[in-house]
Amino acid sequence: MTFTAIDFETATAYHPCSVGIVTVENGIITDEFVTLIKPPNNEYNPFTIQVHGIYPHHTVNAKTFSQVYPEIEKRLKNRVVVAHNESFDRNVLIKSMAINGLHYEDLNIGKRWECTVKIYKAKGIKPTKLSDCCREMKIQLNHHEALSDARACAKLYLMK
Numbered sequence: 001m002t003f004t005a006i007d008f009e010t011a012t013a014y015h016p017c018s019v020g021i022v023t024v025e026n027g028i029i030t031d032e033f034v035t036l037i038k039p040p041n042n043e044y045n046p047f048t049i050q051v052h053g054i055y056p057h058h059t060v061n062a063k064t065f066s067q068v069y070p071e072i073e074k075r076l077k078n079r080v081v082v083a084h085n086e087s088f089d090r091n092v093l094i095k096s097m098a099i100n101g102l103h104y105e106d107l108n109i110g111k112r113w114e115c116t117v118k119i120y121k122a123k124g125i126k127p128t129k130l131s132d133c134c135r136e137m138k139i140q141l142n143h144h145e146a147l148s149d150a151r152a153c154a155k156l157y158l159m160k
């Protein structure tokens, strides 16, 4: 199994403040990437801060999405992409790319990604939050830390 798992943490709506990406080649994790991202105007919704614990002072000197994008692109381009609740992460990517004048189609990845929520819902696991799936499958997780979430998603996909 060869694919890339991704997880975004957001500051507001679809503006990311962190991304974690895990590359899997032939069933083996071969690369992990994580970085903070400075959202527009370094603005945060207090609710999202409560979820992931990333504050404006963490990202005030971080790279912007457009500065981080080359790292994202080289890990996603022409790949099968997997996410937990894929529509959320896919929309974060699509909207962030559009805001920065980048074209999603250039990545040559699916209009829909592989989704571990759907896979594990079909297996009868309820609820299907990432933390619940990981507990059921005995996968270590530091929930809402982008790299940990992406790594857990990759492991869930490998165990599907």
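The letter at position 76 of the sequence shown is residue 76 when you use the numbering used here, and the numbering goes up by one with no holes.
C-beta atoms are modelled at their ideal positions from N, C-alpha and C, and glycine is treated no differently.
Cα separation between V117 and L130?
-> 8 Å
Do the region 15-23 and the region 106-120 touch if we need at least three Cβ pairs shorter than 8 Å?
-> no
For F8 versus V92, is the C-beta distance shorter than 7 Å?
-> yes
Give the straight-line distance between the Cα atoms of T35 and K123, rounded to the nearest whole angstrom.
-> 32 Å
Count the other CB atoms within 10 Å of the CB of E105; is the residue buried (16 or more) or exposed (fewer)?
-> exposed
With 16 as the cutoff for other CB atoms within 10 Å, does I72 come out buried or exposed?
-> buried
Taking Cβ to Cβ, would you say C133 is nearer than 7 Å to L141?
-> no
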